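Chemist: One structure, as structure tokens, below. Some questions next.
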Amino acid sequence: MHVLELMRQMADQELAVVAALHDLNLAARFCDRLILLNEGKVIGAGTPAEILTVSTIRAAYEVEAHIYPDPYTGSLAITASKLSHNGGEK
Numbered sequence: 007m008h009v010l011e012l013m014r015q016m017a018d019q020e021l022a023v024v025a026a027l028h029d030l031n032l033a034a035r036f037c038d039r040l041i042l043l044n045e046g047k048v049i050g051a052g053t054p055a056e057i058l059t060v061s062t063i064r065a066a067y068e069v070e071a072h073i074y075p076d077p078y079t080g081s082l083a084i085t086a087s088k089l090s091h092n093g094g095e096k
């Protein structure tokens, strides 16, 4: 977490910071812009609010997502649930 906080401080000083994160909640909390990839292909690029949507998360991970404001950080929070074979939630 400390490294991400340092990176956030650098970005706040208008320095370019590039990171590869696999945790969407950390990406939503610390990043100004995201590029969401699936098998090397761009699913979307933009702000966390623009990219971390139910449809983009479904396209990238084949899961349903519940997206809400984190009550502690104010950033987006994502909880995913598996899809069943017929496309509905398990």
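Under this note's numbering, think of the first position of the sequence shown as 7, with each following residue one higher. Yeah, the Cβ is synthetic: ideal placement off N, Cα and C, and Gly gets one too. Keep in mind the model is a prediction, meaning the values are calculated, not measured.
If you pair each beta-carbon of the segment 58-73 with each one of the segment 34-42, do three or more pairs fall below 8 angstroms?
Modeler: Yes, since at least three Cβ pairs between the segment 58-73 and the segment 34-42 fall closer than 8 angstroms, the two stretches touch.
Chemist: State yes or no: is the C-beta of residue 34 within less than 8 angstroms of the C-beta of residue 81?
Modeler: Yes.
Chemist: Less than 6 angstroms between C-beta atoms, sequence neighbours within five positions excluded: which residues of the same chain meet that for residue 14?
Modeler: Here the set comprises 36.
Chemist: How should residue 11 be labelled, buried or exposed, when 16 other C-beta atoms within 10 angstroms of its C-beta is the threshold for buried?
Modeler: Exposed.
Chemist: Might you give, ordered along the chain, the residues of its own chain that have their beta carbon closer than 8 angstroms to the beta carbon of residue 79, omitting 5 neighbours on each side?
Modeler: If we look at residue 79 and ignore the five residues flanking it on each side, its Cβ neighbours are 35.
Chemist: Which two residues bound the contiguous alpha helix (DSSP H) that contains residue 101?
Modeler: Residue numbering for the chain in the displayed model covers 7 to 96; residue 101 lies beyond these limits and cannot be assessed.
Chemist: Which whole-angstrom value is the C-beta distance of residue 53 and residue 38, which I expect to be below 8 angstroms?
Modeler: With a Cβ gap of about 7 angstroms, residue 53 and residue 38 count as contacting.
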